[in-house]
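Just below is one structure, and these are the notes that go with it.
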Amino acid sequence: MTSLFVVMLVMFIISYISFRKQNQELAASKIEMDRIRQIDKALRQLDKKYFYLDPDNNRYKLLVEVIFKPHSADINTIGKKSLQELENAGAVLYKKMKQLSTDKDINYLLIVEGNTERYNNNWMVNPDLGYLTSYKRSLALKKFWQSKGFDFSVFQNCEILIVGSGYFGRSHQKNSRTFTIQITPKFKIGQ
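Residue numbering for the sequence shown follows this note's numbering, beginning at 45 and increasing consecutively.
Structure representation (C-alpha cells):
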C-alpha cells in the first residue's frame, strides 16, 4: 500500500510539473498571438485613401496609379499629381512604421514590390526585363520617399526589402502599374 502511495505521489508530481510547463507555454503563445493581433489591427488602420488590403494575398496595394513609360523606372516622369500622392502615401506609411517601431521586441520587414505591365507577349519574349524593370521601379519609389524625408532605414527594427515581381507577381493584374506594400512582423526568438 505504501509503495502504491509513493508511485501515485511521484506520478502526481510529474504530471503537475508537465502541466505547469504546458500552461506556461500556452500563456506565452497567447501573449504572442495577442501581439500579432495588435499589430494586425494597427496595420489595418492604414489610410484607405492610399492603401488597399488585398484579402487574397494579405498585403497592401498602393492605390496611387503610377503610369511609367514602357520599360522605364524614372519616377520623375509619372506626373505631379501621382508624385504628390506617392509622397502623401509615404508620409502615412512612415508615420505607421514610426508608431510600430516603438516596440523593440518586434522587428519588421517592409517589402516594397514593383510591378510591370504585360503587353504584346513581352513576358514571353524577355521575362528577365520585367524583373529588372519592376525592381528598378520599387527602388525608385524607395529613393523618392527618402528624398522626401521618409527614410525607413532609421528604424532599427525595420528592414526594408526592395523587390520586383516582373510580369508574374502573385497579386499581378492586367495593366499592373501599382506597387505592393507588405509589412511583416518578425518576433525575436526566446522572448
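Ideal Cβ placement from N, Cα and C applies to all residues, glycine included.
Between T228 and Y152, the C-beta gap is smaller than 8 Å, which places the two residues in contact. Across the set K125, I83, L130 and Q66, the C-alpha of L130 shows the shortest separation from the C-alpha of K192.
Closest option to L107, judged by alpha-carbon separation, among S116, N101 and K93: K93. Within the region 68 to 144, the complete beta strand (DSSP E) segments of 3 residues or longer fall at 95 to 98 and 103 to 106, listed in chain order. Around the beta carbon of N120, fewer than 16 other beta carbons sit within 10 angstroms, so the residue counts as exposed. Taking a cut-off of 8 Å on C-beta distances, the region 175 to 182 touches the region 190 to 208, as three or more cross pairs fall below it. Residue burial annotation: T222 is buried, with at least 16 other C-beta atoms found within 10 angstroms of its C-beta. Taking the Cα positions, V110 is about 15 Å away from W189.
A Cβ-Cβ distance of about 13 Å is found for the pair L90 and K142, leaving them out of contact under the 8 Å criterion. Using a Cβ distance threshold of 8 Å, S178 and N201 do not count as a contacting pair. When only Cα atoms are considered, V50 and F56 end up about 10 Å apart. Between the alpha carbons of R79 and K186 lies a gap of roughly 28 Å. Taking I122 as the centre and dropping the five residues before and after it, the same chain places the C-beta of V110, I111 and F112 closer than 7 Å to its C-beta, in chain order.
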